[in-house]
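Numbering (our numbering) for the sequence shown: 472 to 737. The beta carbon of each residue, even a glycine, is placed where N, CA and C say it ideally should be.
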Amino acid sequence: MVIGVSGISIREYQPSDETAALQLLTAALGHSDVSQKTPDYWRWKHVNNHFGQSHTYLATSEGGDLAGLRAFMRWTFQLDDVTLTAVRAVDTSTHPDHQRKGIFKRLTLHALAEVERDGRDLVFNTPNEKSMPGYLKMGWEYVGKIHPIIRVMKPISFAAGYAMHRVGRRRAQPHATKAFFKRPALGVPDLLQRSDELEDLLASVRQLYGGEGRLITPRTLDYLRWRYAEHPQIPYYAATVERDGRLQAVAIYRTNTRFGLKEAVM
Numbered sequence: 472m473v474i475g476v477s478g479i480s481i482r483e484y485q486p487s488d489e490t491a492a493l494q495l496l497t498a499a500l501g502h503s504d505v506s507q508k509t510p511d512y513w514r515w516k517h518v519n520n521h522f523g524q525s526h527t528y529l530a531t532s533e534g535g536d537l538a539g540l541r542a543f544m545r546w547t548f549q550l551d552d553v554t555l556t557a558v559r560a561v562d563t564s565t566h567p568d569h570q571r572k573g574i575f576k577r578l579t580l581h582a583l584a585e586v587e588r589d590g591r592d593l594v595f596n597t598p599n600e601k602s603m604p605g606y607l608k609m610g611w612e613y614v615g616k617i618h619p620i621i622r623v624m625k626p627i628s629f630a631a632g633y634a635m636h637r638v639g640r641r642r643a644q645p646h647a648t649k650a651f652f653k654r655p656a657l658g659v660p661d662l663l664q665r666s667d668e669l670e671d672l673l674a675s676v677r678q679l680y681g682g683e684g685r686l687i688t689p690r691t692l693d694y695l696r697w698r699y700a701e702h703p704q705i706p707y708y709a710a711t712v713e714r715d716g717r718l719q720a721v722a723i724y725r726t727n728t729r730f731g732l733k734e735a736v737m
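If you want it as structure tokens, here you go:
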């Protein structure tokens with residue numbers, strides 16, 4: 472345990488902290504429209520993660536209340552023939568009653584020291600514009616911006632929906648499955664039944680996109696099962712391309728409603 476001058480102490484997360492940690496996240500961040508901060512979601516993300524349990528640290532007040540939380544999800548990258556162990560900085564939160572005490576910085580620096588001691592090769596994350604300056608001050612390096620690719624299927628409907636809902640600034644929401652599809656969709660659990668074909672397809676994808684200094688996540692059947700089939704709140708589906716009855720390509724996606732319009736996110 473580390474104690475700071477403000478009376479805030481930092482310690483490692485324990486399973487008995489789950490309820491208090493979820494209450495803190497909800498108080499600091501609220502619920503997402505896409506995923507709710509429930510025990511099942513927390514365990515899926517930080518306990519049952521395919522790459523291992525998260526490095527999670529808590530800041531507590533003198534009275535023992537949780538003042539802040541910092542979680543680093545374990546991850547793995549493949550760089551040519553080298554496997555890199557990594558962590559992704561996620562779920563940082565400070566209780567509204569303990570703002571402006573340097574808790575975010577102290578938790579992050581403490582977590583960095585711990586994961587370095589654990590032998591992790593790199594740390595990465597995707598901060599928003601508000602938190603980016605804080606990370607840069609702590610030595611993060613800006614790599615680049617992720618640019619989504621959008622294809623509008625019905626331009627007139629899209630333009631009308633965008634115009635009508637833009638004023639409300641509504642966020643994306645999960646779409647009711649039955650209302651989205653005109654015919655039954657292939658769920659990821661059913662896709663995973665074709666394990667031999669998927670193994671061959673995943674091997675060809677790694678060969679195609681790996682190498683030449685590219686950093687890739689080594690996707691395996693177990694990874695796909697954790698990431699897309701075991702998510703406790705969001706159902707994922709698969710669109711397939713086949714030749715002679717065998718898989719040639721797969722796109723995994725989920726459904727949203729944005730601007731009052733149907734959206735598929737791959």
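Cβ-heavy atom distance between residue i and the ligand NAP below 6 Å?
i: Pro604; result: This structure simply doesn't include the ligand NAP, nor any ligand for that matter.
My understanding is that residue i touches residue j, with C-beta atoms under 8 Å, so please give their C-beta distance in whole angstroms.
i: Val558; j: Arg545; result: 6 Å
i: Pro706; j: Arg725; result: 7 Å
i: Glu533; j: Gly478; result: 4 Å
Residues in the same chain with beta-carbon distance under 8 Å from residue i, minus the five sequence neighbours each way, listed in chain order, please.
i: Leu692; result: Leu663, Ser666, Leu669, Glu670 and Leu673
i: Asp568; result: Ala538
Kindly list the residues whose CB is nearer than 7 Å to the CB of residue i, restricted to its own chain and excluding five residues on each side of it in sequence; keep chain order.
i: Ser628; result: Leu732
i: Glu701; result: Trp515
i: Val736; result: Tyr724, Arg725 and Asn727
i: Tyr699; result: Val659, Tyr707 and Ile723
Of all the CB atoms in chain C, is at least one closer than 7 Å to the CB of residue i?
i: Gln719; result: Absence of chain C from the displayed structure is noted, only one protein chain being present.
What are the residues that DSSP puts in a beta bridge with residue i?
i: Thr565; result: Gly539
i: Thr554; result: Gln549
i: Met544; result: Arg559
i: Arg654; result: Paired residue(s): none; Arg654 is not in a bridge.
i: Lys733; result: Thr728
i: Leu593; result: Ala557
Apart from the five residues on each side of it in sequence, which residues of its chain come closer than 6 Å, Cβ to Cβ, to residue i?
i: Gly523; result: Arg545
i: Trp697; result: His521
i: Ala530; result: Ile479, Ile481, Ala538, Gly539, Ile574 and Leu578
i: His636; result: Phe730 and Gly731
I'd like to know if the region 577 to 591 and the region 612 to 631 are in contact, where contact means that at least 3 CB-CB pairs between them fall below 8 Å.
no
Contiguous alpha helix (DSSP H) assignments of at least 4 residues, all confined to the region 674 to 723:
692 to 695
How do the region 677 to 689 and the region 543 to 552 stand: do at least 3 beta-carbon pairs fall below 8 Å, yes or no?
yes
4 or more residues per run - each alpha helix (DSSP H) lying fully within the region 475 to 531:
489 to 500 and 510 to 513
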